[in-house]
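Have a look at the structure below before the remarks.
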Amino acid sequence: MSATRPEASPSTIFVLEDEAEIARLICASLSEYGFRCEHVATGQQLLARARQAVPDLCIVDLGLPDMDGMQVVRALQEGSPCAVLILTGRNDVTDRVLGLELGADDYIVKPFEPRELVARVRSILRRYQRGAPADAVPSEPNLARFAGWAFDKGRHALIAPGGGEIGLSSAEAALLLTLLRRPNKILSREQLLGERDVDPFDRSIDVRISRLRRKLDDDPQNPRLIKTVYGAGYLFSAQVAWE
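Numbering (the numbering used here), first residue to last: 577 to 819.
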């Protein structure tokens, strides 16, 4: 049975993995589904390549020969913001949560099933396509105003009531955009994660919600804007005006 090919131009994925066999498996699996892959073996090579051409997504192995994978994730978000999938052989939950805190979109643990890897890549890219810049969706305004705040989706910029600008990672911006597009509606964790199946112990959305609350000065003990609806998901409790 042949693989289903994306209809749009192929997404570019940079694969940072120092083990050649694993890198070949990743690239072969993604190429089969129409993605364009480039493989690099060190963190410095990836950062240099991302400065030349920002990819749609980076797959970043945490165990690297030249630098820690967490440093790579942080540097990508600061210099070449893009979607990030962490690939790790570490079973420590703390490492995965830290990666999400630094702006990664998701993680997958070695050993992995190639089909799961492809599914997670697709899920991440779907979220980014739904949150694409305004020039991709001409009919939608670019600036959202809510509760004294503003969000410029084209620049991933959150503007405080006092006028100060707060930077968001690509993952945070995509999540906020999803909430702003459907205010005062309960969104499940599956919807916020791109409708993929969610493991009961998957904390990626919870971590991102926590980060957004901090940046919005939303008291986590009694949030006004992003409310937790226990057993159902999250609700953005504000009127949103687009302009």
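C-beta atoms are modelled at their ideal positions from N, C-alpha and C, and glycine is treated no differently. These numbers come from a predicted model, not from an experiment.
Given this structure, state the Cα-to-Cα distance separating residue i from residue j, to the nearest angstrom.
| i | j | result |
| --- | --- | --- |
| residue 790 | residue 596 | 40 Å |
| residue 608 | residue 598 | 15 Å |
| residue 606 | residue 805 | 36 Å |
| residue 764 | residue 616 | 36 Å |
| residue 688 | residue 730 | 35 Å |
| residue 614 | residue 683 | 19 Å |
| residue 801 | residue 794 | 7 Å |
| residue 808 | residue 628 | 42 Å |
| residue 718 | residue 787 | 22 Å |
| residue 603 | residue 640 | 18 Å |
| residue 772 | residue 720 | Confidence is the limiting factor: at residue 772 the pLDDT is only 48, short of 50, which leaves the residue's position unreliable and the question unanswerable from this model. |
| residue 743 | residue 649 | 16 Å |
| residue 677 | residue 785 | 10 Å |
| residue 692 | residue 685 | 10 Å |
| residue 738 | residue 694 | 43 Å |
| residue 636 | residue 622 | 9 Å |
| residue 672 | residue 781 | 12 Å |
| residue 735 | residue 722 | 10 Å |
| residue 626 | residue 620 | 10 Å |
| residue 590 | residue 697 | 12 Å |
| residue 811 | residue 657 | 27 Å |
| residue 666 | residue 634 | 19 Å |
| residue 732 | residue 690 | 32 Å |
For residue i, count the other beta carbons within 10 Å of its own beta carbon; 16 or more makes it buried, fewer makes it exposed. Which is it?
| i | result |
| --- | --- |
| residue 884 | The structure shown has nothing for residue 884, since the chain only spans 577 to 819. |
| residue 519 | Within the shown structure, residues of the chain are numbered from 577 to 819, placing residue 519 beyond reach of any answer. |
| residue 762 | exposed |
| residue 642 | exposed |
| residue 600 | exposed |
| residue 814 | buried |
| residue 593 | buried |
| residue 740 | exposed |
| residue 749 | buried |
| residue 645 | buried |
| residue 675 | buried |
Mind checking if residue i is an interface residue toward chain D, Cβ cutoff 7 Å exclusive?
| i | result |
| --- | --- |
| residue 736 | Note that chain D does not occur in the displayed structure, where there is just one protein chain. |
Which residues in the same chain have their Cβ closer than 6 Å to the Cβ of residue i, if we skip the five residues on either side of it in sequence?
| i | result |
| --- | --- |
| residue 580 | Only weak support exists for where residue 580 lies, its pLDDT of 44 falling under 50; the coordinates are left without a value. |
| residue 679 | 653, 745 and 747 |
| residue 588 | 612, 631 and 632 |
Along the chain, where does the beta strand (DSSP E) containing residue i start, and where does it finish?
| i | result |
| --- | --- |
| residue 756 | It is not in any beta strand (DSSP E) - residue 756 instead sits in the alpha helix (DSSP H) that spans 746-757. |
| residue 663 | 659-664 |
| residue 769 | Unbroken run through residue 769: none, as it is neither H nor E. |
| residue 726 | 725-728 |
| residue 633 | 633-637 |
| residue 640 | Element bounds for residue 640: n/a, residue is neither H nor E. |
| residue 688 | Counting along the chain, residue 688 falls outside any beta strand (DSSP E), and DSSP gives it neither H nor E. |
| residue 591 | 588-592 |
For the alpha helix (DSSP H) containing residue i, name the first residue and the last one.
| i | result |
| --- | --- |
| residue 825 | One cannot answer for residue 825 here, as it falls past the ends of the chain, which runs 577 to 819. |
| residue 719 | Segment 719-722 is the beta strand (DSSP E) holding residue 719; no alpha helix (DSSP H) there. |
Excluding sequence positions up to five away, which residues of its chain have a Cβ less than 7 Å from the Cβ of residue i?
| i | result |
| --- | --- |
| residue 681 | 659, 660, 661, 700 and 747 |
| residue 783 | 673, 676 and 677 |
Would you identify the three-state DSSP class for residue i, choosing helix, strand or coil?
| i | result |
| --- | --- |
| residue 612 | strand |
| residue 783 | helix |
| residue 652 | helix |
| residue 694 | helix |
| residue 741 | strand |
| residue 810 | strand |
| residue 736 | coil |
| residue 817 | strand |
| residue 791 | helix |
| residue 622 | helix |
| residue 801 | coil |
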